[in-house]
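Protein chains in written order, with my numbering: chain L, 365 to 530; chain D, 1260 to 2052.
For each residue, glycine too, the CB sits at the ideal point set by N, CA and C.
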Amino acid sequence: MTQAFRDKVDVSLTVNGEPVEARVPAGQHLIDFLRTEQGLTGAHASCEHGVCGACTVRVDGQSVRGCLTLAAQVDGAEVWTVEGLTDSGSITDLQDAFVARNALQCGFCTPGMLVGAEELLAQVACPTRGEIREHLSGNYCRCTGYEAIVDVVESVARARAGKGLS
Amino acid sequence: MTIAFGNPDRPNSYIGKTVPRPNAPKLVQGRGRYVDDITLPRMVHVAFVRSPFAHARIKEIDSGEAQAVKGVLRIFTGADIAKVCTPWVGVLAHLKGLKSPPQHALAVDRATWVGEPVVAVVASTRAAAENAVALIDVDYDPLPAVTDTMTALDADTPLIHPDLGDNLAFQRLHEEGDVEAAMASAHKVVSAQFRTARHTGVTLEPRSILVDWNPAEGQMTAYHATQAPHMIQTVLATHLDLPESRVRVICGDVGGSYGIKVHVYPDEVATAAIARIMGRPVKFIADRLESFSTDIHARDHEIEAKIAVDAEGKILAIDVDDWTGIGPYSVYPRTSAIEGNQVVNLCGGPYEFANYRAKTTVVFQNKAPTCQYRAVGHPIAVAITEGLVDMAAAAIGMDPVEIRRRNMYADDCYPVTSPAKMRFEGLSHHASMTKLMEMMDYDALRADQAEARKQGKSRGIGIASFIELTNPSPFMYGIGGARISAQDGCTVRMDPDGSIVALSGVTEQGQGTEAMLSQVVAEGVGVSPSTVRVITGDTQVTPYGGGTWASRGAGIGGEAALQAARALRQSILEVAASMLQADPGALDIRDGQVVDSNSGAPRLPLEELGRIVYFRGDTLPKDLPRELVQTRHFITMDYPFAFTNGVQASYLEVDTETGVVTLLKHWCVEDCGRVINPQLVEEQIRGGIVQGLGGALYEEIHYDSDGQLLNGSMADYLVPMAAEMPDMIIGHVETPTAESELGAKGAGEAGTAGAPAAVMNAINDALRPLGGQITEMPFTPERILRALGTIED
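Structure below.
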């Protein structure tokens, strides 16, 4: 086994609907791969411990921590970040509601928060405030105090239910 | 012409309305540009070897193995950096007696806290730099560590800095009236010990800096997550021996600051020094352990305090003995004595009483340095004051709201000077309390509490009145010799298409500065906020200013923007009057059109005026001034600080079996003067409250007796999460300051100032029937069970 073979892993995946092939260091985290190799700086590294959720991205339909996932693990996966979700228009209502309600201040947590919130909205049609708070407890926000974010998720859930989207 | 703030239907009435933040859409789309998002050609990364000892002599540094790591370019010791970077001393002349030794960017000879940077490794990737850091062998000779605040001055405690003679950084005693006599003759004297834990800000974006030195241009450019770009410009120029004009600090999006990012950090200055040496861009992004061990800490205070009251509940005297440990250095350039000084200035703040004594003792220790963090000193002073007032009320059998009403300054008594010699221009304690009582329906809540008690549930209501220091003048830092600007400037210009550009010295950290500026400028000129482009955070572009600290952005930066906008409006009207052969006084600008001010009839769109001025200036009279750009600077002159006031309330339930506190609801009434954007103010207050709730219930940095940091991750240092936080009801009373036309005071720190005291009083309200009382934050389940006597060992 050569050193190069052990240290690097070939991956083939889709990122935001586009095919990506890369040779990644075996120890590289998904968040670093997305930010430094793919230029997708929307998701952020913060606690580097899987606690704060700032690095949350969607992998094969689920919210995952970019700081706890190795790039080598996403071979064959479908990865979505806030950039792709924005381009697809699938979370426009949620994003507009964040802006209208000022549910972000510094915005550093927001890309991860959006992925986490969208996951809940996909699972539960009209979550209670308690359910929203519980679900978003894996996404820290140090600025807002959370109430505005809870308001947004609640209102978007209702609006989507009203349109029969959920 | 003044703005008719009382008329919400006036033209261009954007001040006082919720308008959207112009910079929010990019952040929700992942299009923000934080420092770590920036990559420059030939950029390299720096990582630091940090002291594993709280106090140690640095002997040999062996970097041979590290040098061999692929990608490693340079390795720097403290001595290497000291050749290009002078040390600094964090003192201010007006804090008499404050002392601190010279501090280097990288430790030279001696490390004084766990985490202090010792060696810098530069590599082509951060990963390579970190790998090499792990291979550097530093031979340390451990020295005795000083970690306990209360024994730091004892004769048998080792000296951290022998040259200073003792471990005392600063001491201040303030005395007013005759405290001893008042205590001796009082109906009741209540005493208590309080403790506030060591906190840190936990900005989700870690400290970040990217510095490029271009020797060909002789210019240094620092992309920096900072609150005070002009202050950093001065600091880098001073200590790297560059002309101030050759240092440019650019502050783009910042991922949370709360005071953490307004200080000078040795690793960040070292990064700039390395860029200067290597002549290429160098990036440093703190990792989370570095954040916990080297971001400034705060609020590590131990206090003994007494209050004396008469039989009617009137406060006769307050006596406070405050101690705090600040780490091995006073932080440059704002110093680490300000927090203790604020405790002296702010205790007893809402109340009219005659006899006051407060002493703060600020000592060195071998822990991370402490400095100003959101609401500097306020949460401590409010906890002491409001804790004592509640205890006094309980001692004489009086309702906690009633005792406050009997002592708060009357709303019509201003201006007035407090026993701490703080000057209040105009506050609204009684109106705020009345509004709070209505919002929370105090009597109904008391009934609910009594009903819950019958069912065996221990619920408590806690009230905390407070004052908050905002809009600081040079009395805060400038008079002490620091080049920290209390004034701020704004340039407003009209471009050919009729759009407006505003360049401001205050900065955006997420609080909504740019939205505030856009609506102030929009109203001042007479255009829609959507046509105002705001530019902040670039020392080469914006007028000189102080940035974001001490809740000054709206009150000082906003007033500068208003005055500049009004001046531009006048310039535009003079050109328009010439073009229209009209009297400028008969014209107005509304929604981007010059109009007849009486009828409102449109006369000239601004883009037509722009076309003429910029492309057909030949058609205007030769001597007509046609500069469509105006700059104004604003500084407060009448009062050293614009105090605000407010009152908070907490309703919570204590599980007396487990000691767990459940927050049920929280209220805050805040008087920050003129509210420019109600939504932004309310969200500042909510976010501030939650930061205060974190301190009350969860947050505590732990060190062991050797000075080892015990909780350096977000899994171990707990901050509030969505699930535990309550919904918060916010109300406003508006007492504008007369210092400015805008009348705005600060709102960014009030939530954090009052929330911990409200929670403490609510917990004690719940525990009082059971005979328990707690005064040591955070109020963990363990501490509550100890207060109840459930745990005794």
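- Counting C-beta pairs with one atom in each stretch, the stretch 1802-1820 of chain D and the stretch 1762-1781 of chain D have three or more that are closer than 8 angstroms, which means they touch.
- Unbroken beta strand (DSSP E) runs of no fewer than 3 residues, entirely contained in the stretch 384-453 of chain L, are found at 420-423, 426-429 and 442-444, following chain order.
- When the five nearest sequence neighbours on each side are left out, the beta carbons in the same chain lying within less than 7 angstroms of the beta carbon of E1503/D are those of Q1492, T1493 and A1496, in order along the chain.
- In chain order, P1659, N2020 and N2023 place their CB closer than 7 angstroms to the CB of D1649/D, counting only its own chain and leaving out the 5 sequence neighbours on each side.
- The C-beta distance from H1688/D to P1609/D rounds to 5 angstroms, short enough to fall under 8 angstroms.
- Residue-level contact check: D1512/D touches chain L, since one or more beta carbons of chain L fall below 8 angstroms from its beta carbon.
- If you draw a straight line from the Cα of A1263/D to the Cα of F1893/D, it is about 21 angstroms long.
- Spatial neighbours of R1539/D in its own chain (CB-CB distance under 8 angstroms, excluding positions within 5 residues in sequence) are listed in chain order as R1301, M1302, V1303, D1471 and W1472.
- Rounded to the nearest angstrom, the gap between the Cα atoms of G1356/D and G1349/D is 12 angstroms.
- Judged by beta-carbon spacing, I1720/D lies within the 8 angstroms limit of A1908/D, meaning their Cβ atoms are closer than that value.
- Within chain L, Q469 have C-beta atoms less than 7 angstroms from the C-beta of Q1770/D, given in sequence order.
- Within the stretch 405-431 of chain L, the residues whose Cβ lies closer than 9 angstroms to some Cβ of chain D are T405, G406, A407, H408, A409, S410, C411, E412, H413, G414, V415, C416 and A418, listed in chain order.
- In terms of Cβ geometry, P1678/D and G1607/D form a close pair [threshold 8 angstroms].
- For T1644/D, the uninterrupted alpha helix (DSSP H) run begins and ends at H1637 to I1655, by DSSP.
- For Q1492/D, no pairing in a beta bridge is given by DSSP.
- In the three-state scheme derived from DSSP, where H, G and I count as helix and E and B as strand, I1743/D is classed as coil.
- Secondary structure at Y1873/D: helix, using DSSP grouped into helix, strand and coil.
- No Cβ of chain D is located within less than 8 angstroms of the beta carbon of C490/L.
- For N1473/D, the three-state secondary structure derived from DSSP is strand.
- For R1280/D, the C-beta contacts it makes with chain L under 8 angstroms involve V463 and N466, in order along the chain.
- In this structure, the beta-carbon distance from T1620/D to E1598/D does not fall below 8 angstroms.
- According to the DSSP assignment, R1454/D belongs to the beta strand (DSSP E) that extends over K1447 to T1455.
- Taking a beta-carbon distance threshold of 8 angstroms, Q1708/D does not count as an interface residue toward chain L.
- Of all residues in the stretch 1977-1993 of chain D, those with a C-beta nearer than 9 angstroms to a C-beta of chain L are V1978, P1979, M1980, A1981, A1982, E1983, M1984, P1985, D1986 and M1987, reading in chain order.
- For A1393/D, the closest alpha carbon among the candidates A1325/D, C1510/D and D1407/D is that of A1325/D.
- In this structure, the alpha-carbon of L1762/D lies about 19 angstroms from that of G1869/D.
- A512/L belongs to the set of residues whose beta carbon lies under 8 angstroms from a beta carbon in chain D.
- Looking at the DSSP output, W1582/D bridges to E1561/D and T1620/D.
- Beyond the five residues adjoining it in sequence on each side, L1548/D comes within less than 6 angstroms, by CB distance, of G1971 in the same chain, given in chain order.
- Shown here, I1419/D sits in coil according to DSSP, grouped into three states, outside any helix or strand.
- Interface flag for G440/L against chain D is unset, since no Cβ pair is found closer than 8 angstroms.
- The beta-carbon distance between S1310/D and Y1588/D, rounded to whole angstroms, is 13 angstroms. This is too long to meet the 8 angstroms contact definition.
- Counting along the chain, P1861/D sits inside the beta strand (DSSP E) bounded by residues P1861 to P1864.
- Annotation: M1735/D to V375/L spans about 56 angstroms, alpha carbon to alpha carbon.
- Assigned with DSSP and collapsed to three states, R493/L falls in helix.
- Looking at the DSSP output, S1717/D bridges to V1913/D.
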